[in-house]
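Undergrad:
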Amino acid sequence: MTIQFKQETFRDDFTFSNSPEAIRRFPFPFDKDEYMYAVNIEQHMPGPVKSPFEFPIDIDEHYVSEMRDRALVLKEDPLRCQSLPHMITAEWDLLELLMESMAKNYPEHFTLTRDGDRWHWINRPLGIDQAFTFGDVSTLPQPPMEYVTRQCQGDFALLDQRLDNLWMDAGMITTQADWSLDFDIGMNFMEWHAPVPLAHDMGIFERALKFLLNLQQGRPVRRLNWTMTVNPRLDTSPENYHKWGADRTTVTPENVGDKVHLRVELQALWRLPRSNAIVFSIRAYMIKMNELVTIPKWGRRLHRVLRDLKPELADYKGLTRYRADTVAYLAKHDDGAPTSPGFFPDPE
Amino acid sequence: MLAATIKSRPIYEGLRLDGRAKRHLVAAEGEGALAVLDMLAGEDAALARATLLYAPGGSAGQEHGAKLAALRPDGFHPLPTQPTLLNRLEVILQTATMGTRIYVAGTEGFIGKVVALAQAHGVDPQSVRTEHRGSLARRVQCVHCKGMTENVTASPFVCSHCGLNLFVRDHYSRRLGAFQGVCVDAEVPGEIPPAEELFR
Chain A
1 MTIQFKQETF RDDFTFSNSP EAIRRFPFPF DKDEYMYAVN IEQHMPGPVK SPFEFPIDID
61 EHYVSEMRDR ALVLKEDPLR CQSLPHMITA EWDLLELLME SMAKNYPEHF TLTRDGDRWH
121 WINRPLGIDQ AFTFGDVSTL PQPPMEYVTR QCQGDFALLD QRLDNLWMDA GMITTQADWS
181 LDFDIGMNFM EWHAPVPLAH DMGIFERALK FLLNLQQGRP VRRLNWTMTV NPRLDTSPEN
241 YHKWGADRTT VTPENVGDKV HLRVELQALW RLPRSNAIVF SIRAYMIKMN ELVTIPKWGR
301 RLHRVLRDLK PELADYKGLT RYRADTVAYL AKHDDGAPTS PGFFPDPE
Chain B
349 MLAATIKSRP IYEGLRLDGR AKRHLVAAEG EGALAVLDML AGEDAALARA TLLYAPGGSA
409 GQEHGAKLAA LRPDGFHPLP TQPTLLNRLE VILQTATMGT RIYVAGTEGF IGKVVALAQA
469 HGVDPQSVRT EHRGSLARRV QCVHCKGMTE NVTASPFVCS HCGLNLFVRD HYSRRLGAFQ
529 GVCVDAEVPG EIPPAEELFR
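Sequence order for the protein chains is A and B.
All the letters of the first sequence, read from the start, carry residue numbers 1 to 348 under my numbering.
All the letters of the second sequence, read from the start, carry residue numbers 349 to 548 under my numbering.
1) For the alpha helix (DSSP H) that residue 311 of chain A lies in, which residues bound it at each end?
2) Which residues in chain B have a C-beta closer than 7 Å to the C-beta of residue 86 of chain A? List them in chain order.
3) Which whole runs of the beta strand (DSSP E) in the stretch 115 to 203 of chain A are 3 residues long or more, in chain order?
4) Report the option in A:262, A:281 and A:263 whose CA atom is closest to the CA atom of residue 271 of chain A.
5) Measuring CA to CA, which of B:468, B:477, B:358 and B:456 is closest to residue 488 of chain B?
6) In angstroms with no decimal places, state the Cα-to-Cα distance between residue 454 of chain B and residue 377 of chain B.
7) Looking at chain B, which residues of the stretch 238 to 251 of chain A have a Cβ within less than 7 Å of any of its Cβ atoms?
8) Does the stretch 94 to 110 of chain A come into contact with the stretch 133 to 150 of chain A, if we say contact requires no fewer than three beta-carbon pairs (one atom in each stretch) closer than 8 Å?
9) Would you report the Cα separation of residue 149 of chain A and residue 156 of chain A, rounded to the nearest angstrom?
10) Within this structure, are the beta carbons of residue 52 of chain A and residue 25 of chain A separated by less than 8 Å?
11) Hey, out of A:331, A:117, A:46 and A:42, whose CA is closest to residue 297 of chain A's CA?
12) Can you give me the start and stop residues for the alpha helix (DSSP H) that residue 461 of chain B sits inside?
13) Please list, in chain order, all residues of the same chain as residue 323 of chain A whose beta carbon is under 8 Å from its beta carbon, the five residues on each side excluded.
14) If you reduce the DSSP assignment to three classes, tell me which class residue 2 of chain A lands in.
15) Which residues in chain E have a C-beta closer than 8 Å to the C-beta of residue 374 of chain B? List them in chain order.
16) In this structure, how does DSSP classify residue 480 of chain B when only helix, strand and coil are distinguished?
17) Rounded to whole angstroms, how far is the Cβ of residue 517 of chain B from the Cβ of residue 530 of chain B, which I believe are closer than 8 Å?
18) Residue 109 of chain A and residue 268 of chain A look like a contact to me (Cβ under 8 Å); what is the Cβ gap, rounded to whole Å?
19) At 3 residues or longer, and completely inside the stretch 389 to 450 of chain B: list those beta strand (DSSP E) runs for me, N to C.
20) From the DSSP output, in three-state form, read off residue 247 of chain A for me.
21) Name the DSSP bridge partner or partners of residue 288 of chain A?
22) Could you check whether the Cβ of residue 442 of chain B sits closer than 8 Å to any Cβ belonging to chain A?
23) Just to confirm the assignment, what range does the alpha helix (DSSP H) spanning residue 73 of chain A have?
24) Starting from the C-beta of residue 278 of chain A, find all residues in its chain whose C-beta is less than 8 Å away, skip the five residues before and the five after it, and write them out in chain order.
25) Got a sec, what are the start and stop residues for the alpha helix (DSSP H) residue 21 of chain A sits in?
26) Please tell me whether residue 193 of chain A has its Cβ less than 8 Å away from any Cβ of chain B.
27) If you follow the alpha helix (DSSP H) that residue 101 of chain A is part of, which residue opens it and which one closes it?
28) Tell me where the beta strand (DSSP E) around residue 376 of chain B begins and ends.
29) State the DSSP-derived secondary structure class of residue 11 of chain A, mapped to helix, strand or coil.
30) Between residue 320 of chain A and the rest of its own chain, which residues show a CB-CB distance below 7 Å, the 5 nearest in sequence each way excluded?
31) In chain A, which residues lie with their C-beta within 8 Å of the C-beta of residue 531 of chain B?
32) What residue range does the beta strand (DSSP E) around residue 306 of chain A cover?
33) Consult DSSP for residue 351 of chain B and reduce its assignment to one of helix, strand or coil.
34) Roughly how many angstroms separate the alpha carbons of residue 543 of chain B and residue 505 of chain B, rounded to a whole number?
35) Whose CA, out of A:172, A:177, A:196 and A:197, lies closest to the CA of residue 185 of chain A?
36) Just the chain B side, please: which residues come within less than 8 Å of residue 321 of chain A by C-beta, in chain order?
Structure representation (structure tokens):
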């Protein structure tokens, strides 16, 4: 199946939108009418056809435009991509994982040919044709992590495992929800989660860490996380917060349907074969409120979730200024009917 | 004592002599001298294997340096400022050998810089013995321009490099030896809460 890649922007004139097919496959994160933290980790098994879980690495209609936005971010701020020197083996592991998965599941768009260490990669949507020697950085135009993640949707962090902890020692982070790789690089699992409210006292991070330390090769896991973003801006970094923060004051009852986006992160983790490091991928999906309410179940449910969200969580997620307008908009799409269990839309 | 409620902030457990160390490399700043005196006074065997570096900082009037010199350690380096101390420490670390134990005492910003320097020389940060003494002032990195502002005692404050109004987030990077400063009036420029003296 050939994907029709859209030409759109995630800054300035914000022309991003979802096609009706993209709306139906959106990874809606709420399986019931309320939200609280949980260690909601499950096996990253192939999901329903056409869903974002169908393949290990999901490529969708926003691919080409998202990669263009990543290049713009890196041009302004090269510190969004960093790797400590001991992570080079993990970088090659990551390159293999992504190229293999993309070529296998989207053969009309990507081709990987391997002859021992001599590899040949073709990326048709981005017009790239690269022969290189696996393991030899001098044969690629950028180091392997940067090279491959400039061609794959989602942010990526590489976690080294030592001293019974995970250490964020490399990453390509350009679409983050308000955290800084440059600040967090070199931190362990507990340290980089320090600013998250409530969850520490609930023991969430201890349990998640214990689980991840035992992650097995060939058995990746995933979870969903969510926040909200005003305008379809991928680069909601703290680095640029002084530039985008004012967006949060621009929501009105008239524009809320177009401006306010639910932002869902599909987070997946893989154990890597050579380095024993872990890949942590954070793939952001965005949907406008007026797109979301075309799925009646989701309009009802998001209304109830946002209305009843604990204030600390609303603050942490930065929703406080526009929560009321958003809840009022969604209330018009909530007739009070019960919702069916689970994430997926009801059959039409 | 600093509260241990910030998960990314190191815990400064206090200076304790490592009896098995072949060499004691001790860096202190300001009131940190008192922690060094507590640890080393009367420990003649350890002093014979100790190198002390000291920058008086804001404690210059109190003659802590003279008391440290009176311990008669194997090596004593009184230095005028933190940067000159760090330069000297770097030279010493270049030729340091296995069995060297590193100790640091003083303000949090100073501890952070010494631990980061040691880490750059291959020393596990958790092996450095640390004690916080003196001011609670924080060293803060502006997340926007990446500039460091030293001795921050209030939040919000003005970034000494780019001039943005920053609040101090309770998030600490050991690699940078600094807390994170984030623009406080990004959403409504000019809407700045009154500064509070939090880190005296």
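We put the CB at the ideal spot given by N, CA and C, even for glycine.
Computed from a predicted model, the values in this text were never measured in an experiment.
TA: On the basis of the data shown:
1) First-last of the alpha helix (DSSP H) with residue 311 of chain A: 311 to 316.
2) Ordered by position in chain B, no residue passes the 7 Å Cβ test against residue 86 of chain A, which lies about 11 Å from the chain.
3) For the stretch 115 to 203 of chain A, the continuous beta strand (DSSP E) assignments of 3+ residues that do not extend past its boundaries occur at 118 to 123, 128 to 133, 155 to 162 and 165 to 172, in sequence order.
4) Checking every option, the nearest Cα to that of residue 271 of chain A belongs to A:281.
5) It is B:456 whose Cα lies nearest to the Cα of residue 488 of chain B.
6) Whole-angstrom Cα-Cα distance: 5 Å.
7) Contact residues of the stretch 238 to 251 of chain A toward chain B are 238, 239, 241, 242, 245, 246, 248 and 249 (C-beta to C-beta distance below 7 Å).
8) As far as the Cβ criterion goes, the stretch 94 to 110 of chain A touches the stretch 133 to 150 of chain A, which means the pair count is three or higher.
9) Whole-angstrom Cα-Cα distance: 7 Å.
10) Yes. Within cutoff.
11) Nearest option by C-alpha distance: A:331.
12) Segment 456 to 468, the alpha helix (DSSP H) holding residue 461 of chain B.
13) Listed in chain order, the non-local C-beta contacts of residue 323 of chain A below 8 Å within the same chain comprise 306, 309 and 314, local neighbours out to five positions each way being set aside.
14) Note: residue 2 of chain A maps to coil in three-state DSSP.
15) No chain E is part of this structure, whose protein chains are labelled A and B.
16) Shown here, residue 480 of chain B sits in a strand according to DSSP, grouped into three states.
17) 5 Å between Cβ atoms; contact.
18) Contact flag wrong, Cβ pair sits at about 20 Å.
19) Those beta strand (DSSP E) runs which fall completely within the stretch 389 to 450 of chain B and span 3+ residues are 398 to 403 and 423 to 426.
20) DSSP places residue 247 of chain A within a helical segment (H, G or I) once states are collapsed to three.
21) The partner list for residue 288 of chain A (beta bridge, DSSP) reads A:261.
22) With a threshold of 8 Å between beta carbons, residue 442 of chain B makes no contact with chain A.
23) That run of the alpha helix (DSSP H) goes 63 to 76.
24) For residue 278 of chain A, where only same-chain residues beyond five positions count, the Cβ hits under 8 Å are 158, 159, 161, 166, 212, 215, 269, 270, 271 and 272.
25) Here the alpha helix (DSSP H) through residue 21 of chain A covers 20 to 24.
26) Yes - at least one Cβ of chain B is within 8 Å of the one on residue 193 of chain A.
27) Start and end: 88 to 105.
28) That run of the beta strand (DSSP E) goes 371 to 377.
29) In the structure shown, the three-state DSSP call for residue 11 of chain A is coil.
30) So the qualifying residues of the chain are 314.
31) Listed along the chain, the chain A residues whose CB falls inside 8 Å of the CB of residue 531 of chain B are 241, 242 and 245.
32) DSSP places residue 306 of chain A in no beta strand (DSSP E) but in the uninterrupted alpha helix (DSSP H) bounded by 296 to 307.
33) Its pLDDT being 48, under 50, residue 351 of chain B is placed unreliably by the model, and the measurement read from it follows with that caveat. Three-state result, residue 351 of chain B: coil.
34) Computed Cα separation, rounded: 7 Å.
35) Selected option, being the one with the closest Cα: A:172.
36) In chain order: 535.
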